[in-house]
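In this note's numbering, the protein residues as written are 68 to 137.
Don't be surprised by glycine CBs; every beta carbon is placed ideally from N, CA and C.
Predicted model, so just to flag it, every value in this text is computed and none were measured.
What follows is a set of notes on a single structure, which appears directly below.
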């Protein structure tokens, strides 16, 4: 059995199955609640932009992930 720990909240994820109860973003493993928090923060930041630019989305996502997982 593989042991997976959320890189944001540092809690173990029981019965870890990728894309079901944990997600991998930029080499970080995230539980479902932390994944939702990251996407909500990115959504808030992107809504402040006048238009959607994928390059900006990737930049904001990377910054948010590194901020929450450090």
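Per DSSP, reduced to three states, the secondary structure at residue 119 is coil, with no helix or strand assignment. Annotation: residue 95 is outside any alpha helix (DSSP H); the continuous beta strand (DSSP E) that includes it extends over 95–98.
Closest option to residue 81, judged by alpha-carbon separation, among 116, 69 and 102: 69. Taking residue 113 as the centre and dropping the five residues before and after it, the same chain places the C-beta of 119, 123, 124 and 127 closer than 8 Å to its C-beta, in chain order.
DSSP places residue 87 in the coil class of the three-state scheme, outside both helix and strand.
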